[in-house]
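Note sheet for the following structure.
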Amino acid sequence: MTEKYNDSWNMLCYKRPFLDKHPRELIFQINSTDCTIILNKESQSIHVDITGESAYKFEALFGSHLPNTPSGAPKLKNYQYRFPSDSTQTKIETHYLLPACIYLCDLDINGIKISQVQTLLTDKNKFNDRVIDVSDPLDLKFCSGLKLYLRKSLWKLAVKDGNIMLIAIKAIAFNGTKEYYKGYEYL
Numbered sequence: 004m005t006e007k008y009n010d011s012w013n014m015l016c017y018k019r020p021f022l023d024k025h026p027r028e029l030i031f032q033i034n035s036t037d038c039t040i041i042l043n044k045e046s047q048s049i050h051v052d053i054t055g056e057s058a059y060k061f062e063a064l065f066g067s068h069l070p071n072t073p074s075g076a077p078k079l080k081n082y083q084y085r086f087p088s089d090s091t092q093t094k095i096e097t098h099y100l101l102p103a104c105i106y107l108c109d110l111d112i113n114g115i116k117i118s119q120v121q122t123l124l125t126d127k128n129k130f131n132d133r134v135i136d137v138s139d140p141l142d143l144k145f146c147s148g149l150k151l152y153l154r155k156s157l158w159k160l161a162v163k164d165g166n167i168m169l170i171a172i173k174a175i176a177f178n179g180t181k182e183y184y185k186g187y188e189y190l
């Protein structure tokens, strides 16, 4: 007997009792700079780093509500890491480093709409920050890439074979302190 191979990701859905006949894909919003997109130019991978209050809310919402897959239910703890908040502090922060897809995202960086998201990974001359290389979770190092701090973002959560991936729908981001201050408005 051959097992049919399913290569698609399954979106987390919801259905309101007595109101909805068909499930709808869940879209959730993060309104905080606790969420960062990390683009690794060396491994051509994209991850989302959720920390602070957003990490606690993410765990509370999705920690026990992830659906079973043929490989078992995804475990959010597999994506949880603890780092010092910076080199001068001893406070340890919880981070969720989740693989992400931003290719279909309506992305705005520093007030500029990005129509070709893949150029962020392939253009060697632009945006060369030092980012965390999450390709080996047991040996976190730094590599060349781009770090985008998110102001607001909309996401879908997908699961497949016991793995989790976030899919960006819309995001407003900045990539430096100068751009962050440009977002301030006068009273």
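Quick note, the numbering used here runs 3 ahead of the 1-based positions in the sequence shown.
Glycine is no exception: its CB is placed at the ideal position from the N, C-alpha and C atoms.
All of these numbers come straight from a predicted model, not from anything done at the bench.
Exposure of A63, with buried meaning 16 or more beta-carbon neighbours within 10 Å:
Around the CB of A63, fewer than 16 other CB atoms lie within 10 Å, so the residue is classed as exposed.
Does the separation of the CB atoms of K239 and D136 fall below 9 Å? Because the chain is modelled from 4 through 190, residue 239 falls outside the range shown and cannot be assessed.
In its own chain, which residues sit with a C-beta less than 6 Å from the C-beta of L153, not counting the 5 before and 5 after it? If we look at L153 and ignore the five residues flanking it on each side, its Cβ neighbours are C38, A174 and A176.
Strand pairing of G148, partner residues [DSSP] = According to DSSP, residue pairing for G148 in a beta bridge involves N43 and D132.
How should M4 be labelled, buried or exposed, when 16 other C-beta atoms within 10 angstroms of its C-beta is the threshold for buried? Since pLDDT at M4 reaches only 35, below the 50 mark, its modelled position is unreliable, and the value read off the structure follows with that caveat. With fewer than 16 other CB atoms across the displayed protein chains lying within 10 angstroms of its CB, M4 is exposed.
> Exposed or buried, which one is G179 when buried takes at least 16 other CB atoms within 10 Å?
Replying inline: It counts as exposed.
- Item | Of the residues G55, M14, K159 and Y106, the one placed nearest T122, counting alpha carbons only | When the alpha-carbon of T122 is set against those of G55, M14, K159 and Y106, the nearest one is in Y106.
TODO: Give the straight-line distance between the Cα atoms of P26 and S67, rounded to the nearest whole angstrom.
DONE: Take the alpha-carbon of P26 and the one of S67: they are about 19 Å apart.
Endpoints, the beta strand (DSSP E) within which Y106 is located
For Y106, no beta strand (DSSP E) run applies, since DSSP gives it neither H nor E.
- request: Sort F145, P77 and P20 by Cα distance to V134 and report the nearest one.
  value: Residue F145 holds the alpha-carbon nearest to the alpha-carbon of V134 among F145, P77 and P20.
Segment limits, alpha helix (DSSP H) that includes A171: Note, A171: premise wrong, no alpha helix (DSSP H); beta strand (DSSP E) at N166 to F177.
Just the C-alpha distance for D142 and Y99, rounded to the nearest angstrom, thanks.
-> So the two alpha carbons sit approximately 16 Å from each other.
### Message
Please identify the residue among K181, Y189, W158 and D139 whose C-alpha is closest to the C-alpha of F65.
### Response
Cα-wise, what sits closest to F65 is W158.
With a CB to CB cut of under 6 Å and the five nearest residues on each side skipped, what residues in its chain are close to N13? For N13, the CB contacts under 6 Å within the same chain, skipping 5 residues up- and downstream, are V162 in chain order.
Host alpha helix (DSSP H) of T180 (start-end): Segment T180 to K185, the alpha helix (DSSP H) holding T180.
Exercise. Assign I41 to buried or exposed, taking buried as 16 or more other Cβ atoms, counted over all protein chains shown, within 10 Å of its Cβ.
Key: Under the 10 Å beta carbon count, I41 is surrounded by 16 or more other beta carbons and is classified as buried.
- [ ] Look at L124 and I117 and say whether their C-beta atoms are less than 9 Å apart.
- [x] Contact: no.
- Return the CA-CA distance between A76 and Y183, expressed in angstroms with no decimal places. Spanning the two alpha carbons is a distance of roughly 38 Å.
Report task. Could you please give the first and the last residue of the uninterrupted alpha helix (DSSP H) stretch that includes T54? Result -> Taken as a continuous stretch (DSSP letters only), T54 belongs to no alpha helix (DSSP H), being part of the beta strand (DSSP E) at S48 to T54.
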